[in-house]
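For the record, the sequence lines run as chains A and B. Mapping the first sequence onto my numbering, position 3 (from 1) lands on 3, and the numbers just tick up by one. Each position in the second sequence, counted from 1, maps to that position plus 1000 in my numbering. Worksheet: one structure, shown below.
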Amino acid sequence: METTLYTITIFSENTVGLLNQVTIIFTRRGLNIETLSVSPSAIEGIHKFTITAFADRETVEKVVKQIDKRVDILKTYYNTDEDLIFQEIALYKVPTSKLLESGSVESIVRRYNARILDITETWTVLEKTGHYDESQALFRELSHTTGVLQFIRSGRIAITKSKVERLSDMLAEMKEKVNRKK
Amino acid sequence: MKKEITGSQILLESLINEGVDTIFGYPGGQAVPIYDSLYDYKDKLNHILVRHEQAAVHAAQGYARVSGRVGVTLVTSGPGMSNTITGIADAMMDSTPVVVIAGQVPVSLLGSDAFQEIDVIGTTQAISKWAYQIRSVEEIAWAVARAFYIASTGRPGPVVLDFPKDCQVGKGQYKPEKIDFIRSYIPVPEIKMKHIEAVVALIDEAKKPLALVGQGVILGRAEKELMNFVKKADIPVATTILGLSAIPSDHELNVGILGMHGNIAPNIKTNEADVLIAIGMRFDDRVTGDLNKYAKQAKIIHFDIDPSEVNKNVKVDISVLGDAKETLKEVTERMKENKHTEWRKEFIPLWEKEIDTVIRKEIHPEQGPLKMGEVVHKVSEATGGNAILVTDVGQNQMMGIRYFKYNQTRSLVTSGGLGTMGFGLPAAIGAKVGAPDKTVCLFVGDGGLQMSIQELGTIMQSNIDIKIILLNNDYLGMVRQWQELFFNKRYSETTMVNPDFIKLADAYHIPARSIETREELDDAIREMLETQGAYLLEAKVIKKGLVYPMVPAGAGITEILLDDK
Ligand SMILES: Cc1ncc(C[n+]2csc(CCOP(=O)(O)OP(=O)(O)O)c2C)c(N)n1
Ligand SMILES: [Mg+2]
């Protein structure tokens, strides 16, 4: 079946075991999680998950509904890359001596829009923010020119292009509805 | 300042505050303080001591299913807890509201592989609606209130509370809690009037409508609304197994049971209806058969409280989210009165066909060994449709379901989604406790009875008045049926060498009788029903009986096997 990379965004309470509740729903359907990033949202006590996975649309819809159904989950939705502005961050640790020998520091930093985070006598750490392909390209180039001592890439974080319902508005609305009922 | 009490006492006070009067449980090291407190609450909380923790959950399920209240199970940590897992999974599949409270090692020992520690949250999250570990005395009342709210609202389900021992013995003040709002949880989705109107238009125009009713109608207490709805538009009603008793068996609009061993008429007509109206059912594969051959001609409407059920198995044309009690009422008010006399008549010849090819032979055989169907039929007649039917799993279950009749709702307790052998006996215990004024009849196989036979001890100790009808074929009959029909009669590991069940019952002081012939049947049933207290009736039935009709697994729902002998 044709699969697409979907980005699934989840707002949840910050309770113990929440990540497990989310991942078991992927596990049941045999879906691999490509990237995962979890952090506090702008609203205190509410966490945001950004998960990417390859799936067909029907499956991703069902997964999203099943995640949304969990008691501690506030809201779940999914998008494809066209709907999103997204980034990953990558860090590269390279030998300082090799970097200086190559004489290409400036050019690399400029071409890849990377920056130098820290330099010591023995190593230098470069940082690159961008899409997977871009950080991968920089990795390849550094591997050839200087060698890479350590490399790490974060999970994706993303923002939707369209205007979406803000979680704070949604929460306020829910509260109001309940109060009206009483 | 208010008096401080222990965490265990707070737990029990909180349970009483939720209206709990019965607990099914089993003590152990990490639950001793709770049991110690229970000693002082004997007048308010009736504790039924089971013989295995799985049974404690099944009993709580039986209790919940017949009473509409939340069933409560109390067990110790580690093996006590892990023994409940099948029950929790069963309750999840069948949307049964139960709260399972398990003792746990003290907070300071969590994660250290302490004696009888298991990761309760990790092991139960996938099979429960909510699982929570209490971490302090202050949280207890809140956690219990939340557990009951979650278990009983929206689409009900099991909730697990992991309760460390130090929180049981620690002291604090008890303040009653009531929870009716959780910001991350929408138990009942908002009704969309646009969808109601679209549904009304579709139903008004329908020439051949068929309602497919599931347990959602019973869980949502919408039996009356269902009745008003189908009567007004003259819509035939088919039910899933768990939907049984939502409408009386003999109601003129009731056209039978859907699915693998259901009735011919509703299965065939599913593929002829122009509008299918699914209400609180989830298009289980045992109901639909091959989805590629399922109701392709029909417009499908789906009423459900759980948005994740919509389009999960069958793509529908319109979904009506909400509480069936309200959504059915909204639709009924707006739709027009209607008659579908011709369409309804079309079900009759299919029923006649089933009577001729299957039913008559099964419930009125003239010779040969006893048949399961005739035993069920006789017990049902003798109890006049007013008894509660509990079944185990297998041929006994399908025969029980096919031939038992109901006048009242909440009259069936069976393991539908998980198909758990061993469910029957403990579930029947719970059903009797939950509906003490009703006769509870359990149909169980020789295999399934032995999966929870230890519960005869519970029946003896707590004087549980249930009628156990053992349909003994000395086989794991349902598996044997598959082997006969689809595996060249290679009966691999399905024969059972069985104990003397009458002697077994005798060991527990349960009156029992074994019969083998048709002539003994009436008298044995009379004796069983006249006996005060529990009774075991063993009916030695035909060894190689088959449940028909049958839609083989993976076949289309109209590809029905019939008894052609
Ligand atoms: C716990 C469990 N194990 C295995 C099965 C598979 N299974 C389904 S029906 C059946 C046979 C049941 O035999 P018995 O209890 O004698 O009932 P019968 O079909 O003969 O009426 C089996 C083994 C199951 N449903 N549950
Ligand atoms: Mg058997």
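For each residue, glycine too, the CB sits at the ideal point set by N, CA and C.
- Taking C-beta separations shorter than 6 angstroms and ignoring five residues to either side along the sequence, the partners of isoleucine 46 of chain A in its chain run Phe11, following chain order.
- With a threshold of 8 angstroms between beta carbons, asparagine 14 of chain A makes no contact with chain B.
- A Cβ-Cβ contact shorter than 8 angstroms links valine 1551 of chain B with isoleucine 1560 of chain B.
- Under the 10 Å beta carbon count, glutamate 121 of chain A is surrounded by fewer than 16 other beta carbons and is classified as exposed.
- Taking C-beta atoms under 8 angstroms as the contact rule, alanine 1131 of chain B and threonine 1096 of chain B fail to qualify, at a distance of about 16 angstroms.
- When only Cα atoms are considered, glutamate 106 of chain A and glutamate 88 of chain A end up about 22 angstroms apart.
- The C-beta distance from alanine 1324 of chain B to phenylalanine 1303 of chain B rounds to 6 angstroms, short enough to meet the 8 angstroms contact threshold.
- Taking C-beta separations shorter than 7 angstroms and ignoring five residues to either side along the sequence, the partners of alanine 1555 of chain B in its chain run Gly1289 and Asp1290, following chain order.
- Per the coordinates, the alpha-carbon of glycine 1154 of chain B lies some 5 angstroms from the alpha-carbon of valine 1188 of chain B.
- Checking the 7 angstroms criterion, the Cβ of aspartate 1285 of chain B is out of range of every heavy atom belonging to ligand 1.
- Assignment of methionine 1398 of chain B by DSSP, reduced to helix, strand and coil, places it in the helix class.
- At least one CB of chain A lies nearer than 8 angstroms to the CB of phenylalanine 1181 of chain B.
- Considering only beta carbons, the part of the segment 151-175 of chain A lying closer than 8 angstroms to chain B consists of Leu171, Met174 and Lys175, in chain order.
- With 16 or more neighbouring CB atoms inside 10 Å of its own CB, asparagine 1267 of chain B falls in the buried class.
- According to the DSSP secondary-structure assignment, asparagine 1254 of chain B is paired through a beta bridge with B:Val1237.
- DSSP places leucine 1561 of chain B outside any alpha helix (DSSP H), giving it a letter other than H or E.
- Its chain contains Ser1249, Lys1405, Tyr1406 and Asn1407 as the residues whose beta carbon lies nearer than 7 angstroms to that of glycine 1385 of chain B, once the 5 sequence neighbours on both sides are disregarded; these appear in chain order.
- Straight-line spacing of the CA atoms in tyrosine 1026 of chain B and leucine 1074 of chain B works out to 6 angstroms.
- Chain B has no Cβ within less than 8 angstroms of the Cβ of aspartate 118 of chain A.
- Contacts with chain A (Cβ-Cβ distance below 9 angstroms) from the segment 1109-1134 of chain B involve Ile1121, Gly1122, Gln1125, Ala1126, Lys1129, Trp1130, Ala1131, Tyr1132 and Gln1133, listed in chain order.
- Remark: the shortest separation between the CB of glycine 1400 of chain B and any heavy atom of ligand 2 does not fall under 7 angstroms.
- In this structure, the C-beta of tyrosine 1491 of chain B stays at least 7 angstroms away from each heavy atom of ligand 2.
- Not a single heavy atom of ligand 1 lies less than 7 angstroms from the C-beta of methionine 1093 of chain B.
- Taking a contact as a CB-CB distance under 8 angstroms, the pair arginine 1286 of chain B and glycine 1259 of chain B counts as one, their CB atoms being some 5 angstroms apart.
- At a cut-off of 8 angstroms between beta-carbon atoms, lysine 1296 of chain B makes no contact with chain A.
- Beyond the five residues adjoining it in sequence on each side, methionine 1093 of chain B comes within less than 6 angstroms, by CB distance, of Gly1417 and Leu1418 in the same chain, given in chain order.
- Between the alpha carbons of leucine 117 of chain A and serine 143 of chain A lies a distance of about 18 angstroms.
- Proximity to methionine 1496 of chain B across B:Pro1209, B:His1364, B:Met1478 and B:Phe1486 peaks at B:Met1478, based on C-alpha coordinates.
- For leucine 74 of chain A, the closest Cβ of chain B is nearer than 8 angstroms.
- With a threshold of 8 angstroms between beta carbons, lysine 1325 of chain B makes no contact with chain A.
- With 16 or more neighbouring CB atoms inside 10 Å of its own CB, alanine 1427 of chain B falls in the buried class.
- Annotation: Cβ neighbours of isoleucine 24 of chain A in chain B (cutoff 7 angstroms, chain order): Gln1125 and Ala1126.
- Contact between leucine 1045 of chain B and isoleucine 1016 of chain B holds, with the beta-carbon distance rounding to 7 angstroms and staying under 8 angstroms.
- Judged by their CB atoms, lysine 1467 of chain B and tyrosine 1535 of chain B are nearer to each other than the 8 angstroms cut-off.
- At a cut-off of 8 angstroms between beta carbons, glycine 30 of chain A makes no contact with chain B.
- Aspartate 1274 of chain B is a Cβ neighbour of alanine 1206 of chain B, given a cutoff of 8 angstroms.
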